[in-house]
Structures are given as structure tokens and as C-alpha cells.
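Structure, as C-alpha cells:
Protein chains in written order, with this note's numbering: chain A, 336 to 617; chain B, -5 to 265.
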């Protein structure tokens, strides 16, 4: 039995080897190069973080990700909540409406956004109908956020739904029978319990939003670049792997750092927040 | 009940807004692919199948589709094989060992595509793998592995150890035990993993863009260049075909499930 256990453990090796050699090693090498080229030291990082353009790009990337997360919560929470209320048929339909875009090619959806947002396109026509004449969202930050929102909303809804679905709704009835009205029952009983779910799915969406490349590249304007575009440009135009490596290092630190916080800090944070909301009663 | 419906109406309307945002841009590509004009506009002046004709006769588009499908199938099969083995191995390892390994193998989901793309591109320049289909396949396998690990590991959690023990008590060797007892239970998870891996490769743009060569251009990369360089509405035809493909991928497992349930119900009637 013990022998077969060791034998089974060996089954991990092929997949692990492929990921180590063809994924993690290249990333380790490019981060290493950012510390050693052209000369050893923090030169690349000092250069990147003292360049006002790079700082603006970093700030813009963060801001875009924050706005995308906020919009995702606003649109996704009621949707996921509704999914927990309806019957099985309606739930299947709501699920399908999330899954079809989720599985549809990213390039196909980006192309669709380009034609929707272009000058005199459908979105301009709708905005003109509401009185905003001659608005073209293609090439603007608003257009980028819209397209990012559409790509990330399925992640938000799917992870939130899992979290919301595990909350016992009978507690709401219990709260109401104890005299709370519906809104109070929701705010004080349901919402605090859904906060860990909101936190987890927002972190996921935020991490993914930081790394968007295709969407800002095709829908945004080069004047309002996000960090991924600058990394790509460094390699494509001036073959500066060390500089691109430093920017990648910064981006990796942000994503993996946040991921570590989520993994390590979720339960204390959850307790803290739910206590804050319940006024420290629990 | 009446009260409950009243609360839900605003939520329903708000959810409808979300649904519209999700689905409208996705469905947009269908009318665009049938226009007769050579632009991405929706001012429809006539319908035509010319972009489909162009897509299926232009060697560039057709070649890109072929490349994507071949690479997608190879990546799908290899990642499914490696991922299933890995899930099997992880399950038998101690949590202290398997935990970090699992996180390591999930990293390709979390690490931004552009970082992976330039890192792999830089490495491949040194290894002379850039522009080779082998290099792209290996890179796509790493990106697809997490998407196999997740459903297969989930399926393995549903595996009942007593079944395996019963099989070995009855004299089944490890291989036979795996093939005849465990594999049939794991098969739905493995099939899901294959589909995830195939779609991951078929959809991937950034790494494929940096590793491309004149002879190695996948469909998403061809679509990307067609948006940036030319106004070639064949991309609308390509998008519509991909939309149909992804819808089928979601619908087929559901249909199989329904058919199976019906069949099971019928068998129940007979017995």
C-alpha cells in the first residue's frame, strides 16, 4: 500500500515538470534579468518607479481595475442574488446567459465591442437618443471599462452565486419573525454573511483586471495605456526584456501579493468585517 | 407572496440590465457577419454570405482555423492526460506536499497573460523554440493544465475509497482498478477538463501573438491582426463561427444529461 502511494505521487511529476520548465522558469528568468541587466542592482526598478509616465500608467491600471470591480459588484450581486431566488428553469436560463459569453472567444467579443463603440455606432446612437450628441466611446477609458466589465462579470456572478447559494435563507424569515423589516433583515443578516463571497470574487476580478492586454490595446487609446500594454510595447518595439521584466515584476507583486492576502487573510478579515457590520454584537 | 414579488421586480430589472450587457455584445457579431458592406457598421443595406465565402476560401483565414484546431486538439489531449495524472498524484500525497504543488500548478490562471507571453517569448528566443508549433503547444499546455486539474480533482473527491478497496480485495491490480473502477467515475470530470483545455488553447491570443511566425498563426492572432491592420469583415464570420462553437460546447453536455436522465427514467419504468 505504501509503495503504491509513492507510485501515485510520482504521477504529479510530468505536469509539474511542464509547468516548471515552460511557465515558471521563463517568468523567473525574466524577473532575474530585470535585476541583472544591464548591470546588477535595482536600476530597472528605480528607473520605472521614477518615471512619471510609468507611474501614471500604473495609477490608471489600478483605477481601471477598481472601477471595473465596483461595476462588477453593482451588476453582479443582484444577478447572483436573483439566481438564488428563482426556480430551476429560470436559474438554468440565467446561468446560460452568463456561460455563453464566458465561453465565447475573447477576440470575437472584443471585435463586437469595437463595432458597438465605434463612431456613429449603436452605442453612439443610443447615447444620442438620450441627448448626448456625438459621443464615441471607442478609444476612451469608458469604452475599455465597459468591455472589461463584460468579460469579468461572468467570473463575478459565478463565484458570488456559489457563495450566496450557501447562505441559509430561512434566517431572513427568522429575522422578520423577530420584528425586522425586509430591508433590515437583508442588511443585518444576509449581507454580512455574503461579504466573504464579495471579497473573494472582487479579489479575483481585480487580479484579472490588472492584467488586461488585448482589450485596452484594441478598444483604448495608446495615450491611455495600461501597464500590460507598456510591457508588451517594451518587448515588441525596443526588445527591452530587462525593462519589461521590471514592470512585470511590479505587476506580479501586485497580483500575487493580493492573492496571498486573500488566501492567508480571508478568515480574520471576514470576521473583522462581519463584526464591524453587526456593531460588535457577535 | 405578493409582497415578495414586489421586492423582486427591481432586482429583476437590474438583472435584465446585466443580462443585456452580457449577451448583446456577444450576439452582435451575428448580424455583422451577414452584411453586404465592407465595414463593421450596422447600417444594414443588404444581406450576404460573402464573408463566410471569403473565410472559407482565403488560405490565411482557413489556415489559421486549421492551425488553431490542430493545436487545440493536441493541447486538449496532452493537458487532459497530464492533468488527470497530476490530480491522481496530488490526491495520494500528504496535504503538506500537495497544497503548495496545487497552488504552483494554478499560477498560470493568476499570472497576467502579457507577463507569461513576454517571459516565454524571451526564453524561447534562447532555446530556438519561438515560432515553432511545438513551443506554442507546450506553452498552451501550461495555461490549460489548471483548467483540467480543477474539474478532475473535483471528480476525484467524489470517488469512494471503499470501491477501490473492494476492487483490490477482489484481486484487481492497480492498473485494472484504475481502468475499470475509477476511470468510469472520473470520466465526466475528465471530459470537462478536455473541453476546458481545448477552449483555452483555441481562445488564447497573447502568448500565440508573441510566438507567431508567418507559418504559425492561430485564429485569434489572425483576428487580432485583422482588427489592427485591415477592415476585413471576415472576422465577423470567424466570430460567429466561434460563438456557435462555444454555445454548442455548453449545450451538448446539458443535452447529454437530459437524454441520459430520460433513458434512466425509461429503464426505471421497465424494471
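The C-beta atom is built at its ideal place from N, Cα and C for all residues, glycine as well.
For residue 514 of chain A, count neighbouring C-beta atoms within 10 Å of its own C-beta (all shown protein chains included) and say buried if the count is 16 or more, exposed if not.
When all chains shown are included, residue 514 of chain A counts as exposed.
Which of the three DSSP states is assigned to residue 207 of chain B in this structure?
In the structure shown, residue 207 of chain B sits in a strand (DSSP, three-state: E or B).
If we count the other Cβ atoms within 10 Å of its Cβ and call it buried at 16 or more, is residue 404 of chain A buried or exposed?
By the 16-neighbour rule on beta-carbons within 10 angstroms, residue 404 of chain A is buried.
Please compile the residues from chain A whose C-beta is within a distance smaller than 7 angstroms of the C-beta of residue 154 of chain B.
Here the premise fails: no neighbours, minimum Cβ distance about 17 angstroms.
Using three-state DSSP, classify residue 29 of chain B as helix, strand or coil.
In the structure shown, the three-state DSSP call for residue 29 of chain B is strand.
Residue 567 of chain A at chain B interface by Cβ criterion, 8 angstroms:
Closer than 8 angstroms: yes.
Is there a C-beta anywhere in chain B that falls below 8 angstroms from the one on residue 408 of chain A?
For residue 408 of chain A, the nearest beta carbon of chain B is not closer than 8 angstroms to its own beta carbon.
Are residue 411 of chain A and residue 12 of chain B closer than 8 angstroms when you measure CB to CB?
Yes. Within cutoff.
Can you list, in chain order, the residues of its chain whose CB lies under 6 angstroms from that of residue 398 of chain A, leaving out five sequence neighbours each side?
Here the set comprises nothing.
Report yes or no: do the stretch 447 to 454 of chain A and the stretch 15 to 25 of chain B share at least 3 C-beta pairs separated by less than 8 angstroms?
Three or more pairs of CB atoms, one per stretch, sit closer than 8 angstroms, so the stretch 447 to 454 of chain A contacts the stretch 15 to 25 of chain B.
Cβ neighbour criterion (16 or more within 10 Å) applied to residue 41 of chain B:
Exposed, because fewer than 16 other Cβ atoms sit within 10 Å of the Cβ of residue 41 of chain B.
Quick check on residue 485 of chain A - is its C-beta less than 8 angstroms from some C-beta in chain B?
Cβ-Cβ to chain B under 8 angstroms: yes for residue 485 of chain A.
Span of the alpha helix (DSSP H) around residue 58 of chain B:
Counting along the chain, the alpha helix (DSSP H) containing residue 58 of chain B begins and ends at 53 to 86.
Any contact between the stretch 175 to 186 of chain B and the stretch 139 to 148 of chain B? By contact I mean 3 or more CB pairs, one from each, below 8 angstroms.
By the Cβ rule, the stretch 175 to 186 of chain B counts as touching the stretch 139 to 148 of chain B, because three or more pairs are nearer than 8 angstroms.
What residues from chain B crowd round residue 443 of chain A, counting only those whose CB sits closer than 7 angstroms?
Those within 7 angstroms of residue 443 of chain A in chain B are 23, 233, 236 and 237.
Chain A contact residues for residue 77 of chain B, given Cβ-Cβ distances below 7 angstroms:
Under the 7 angstroms cutoff, chain A gives 350.
Chain B contacts made by the stretch 391 to 424 of chain A, where a contact means CB separation under 8 angstroms
For the stretch 391 to 424 of chain A, residues whose beta-carbon sits nearer than 8 angstroms to a beta-carbon of chain B comprise 410, 411, 413, 414, 416, 417 and 420.
By the criterion of Cβ-Cβ separation under 7 angstroms, what are the contact partners of residue 199 of chain B in chain A?
Within 7 angstroms Cβ-Cβ: 441, 442 and 549.
Got a sec: is the Cβ-Cβ distance from residue 164 of chain B to anything in chain A below 8 angstroms?
Judged by the 8 angstroms Cβ criterion, residue 164 of chain B is not in contact with chain A.
Going along the chain, which residues of its own chain have a beta-carbon closer than 7 angstroms to the beta-carbon of residue 198 of chain B, five neighbours each way excluded?
Excluding sequence neighbours, residue 198 of chain B sits near 134, 137 and 214.
Since residue 5 of chain B and residue 413 of chain A are thought to touch, with beta carbons under 8 angstroms apart, how far apart are those beta carbons, to the nearest angstrom?
With a contact defined as Cβ atoms closer than 8 angstroms, residue 5 of chain B and residue 413 of chain A qualify at about 5 angstroms.
So that I know if they touch, is there some Cβ in chain A lying closer than 8 angstroms to that of residue 221 of chain B?
Interface residue, yes.
Stretch pair the stretch 581 to 594 of chain A + the stretch 540 to 555 of chain A: three plus CB contacts closer than 8 angstroms:
Counting Cβ pairs under 8 angstroms, three or more are found: they touch.
Along chain B, which residues have their Cβ under 7 angstroms away from the Cβ of residue 438 of chain A?
Identification of chain B residues near residue 438 of chain A by a Cβ-Cβ cut-off of 7 angstroms yields 193, 240, 243 and 244, ordered along the chain.
If you pair each beta-carbon of the stretch 351 to 371 of chain A with each one of the stretch 494 to 504 of chain A, do three or more pairs fall below 8 angstroms?
No contact exists between the stretch 351 to 371 of chain A and the stretch 494 to 504 of chain A.
Between A:389, A:407 and A:345, which has its C-alpha nearest residue 585 of chain A's C-alpha?
Among A:389, A:407 and A:345, the Cα nearest to that of residue 585 of chain A is on A:389.
When the Cα atoms are used, what is the spatial distance from residue 380 of chain A to residue 597 of chain A?
Computed Cα separation, rounded: 26 angstroms.
For a contact meaning CB atoms closer than 9 angstroms, what does residue 581 of chain A contact in chain B?
Those do not exist, as residue 581 of chain A stays about 12 angstroms from chain B at its closest Cβ, beyond 9 angstroms.
Around the C-beta of residue 82 of chain B, are 16 or more other C-beta atoms found within 10 angstroms, so that it is buried, or is it exposed?
Residue 82 of chain B is buried by the Cβ-count criterion.
Going straight from the alpha carbon of residue 567 of chain A to that of residue 108 of chain B, what length do you get?
Rounded to whole angstroms, residue 567 of chain A to residue 108 of chain B spans 7 angstroms at the Cα level.
Which chain A residues sit within Cβ distance under 7 angstroms of residue 19 of chain B?
Under the 7 angstroms cutoff, chain A gives 444, 447, 448, 451 and 485.
Are the stretch 426 to 441 of chain A and the stretch 488 to 496 of chain A in contact at 8 angstroms, needing three or more beta carbon pairs?
Touching, yes.
Using a Cβ-Cβ cutoff of less than 8 angstroms, which residues in the same chain neighbour residue 393 of chain A once the five nearest sequence positions on both sides are dropped?
Around residue 393 of chain A: 562 and 585.
Check the Cβ-Cβ distances between residue 532 of chain A and every residue of chain B, and say whether any is below 8 angstroms.
At least 8 angstroms separates the CB of residue 532 of chain A from every CB of chain B.
Rounded to whole angstroms, how far is the Cβ of residue 202 of chain B from the Cβ of residue 55 of chain B, which I believe are closer than 8 angstroms?
About 15 angstroms separates the two Cβ atoms, so there is no contact after all.
C-alpha gap between residue 159 of chain B and residue 172 of chain B, whole angstroms:
Each residue's alpha carbon lies about 11 angstroms from the other.
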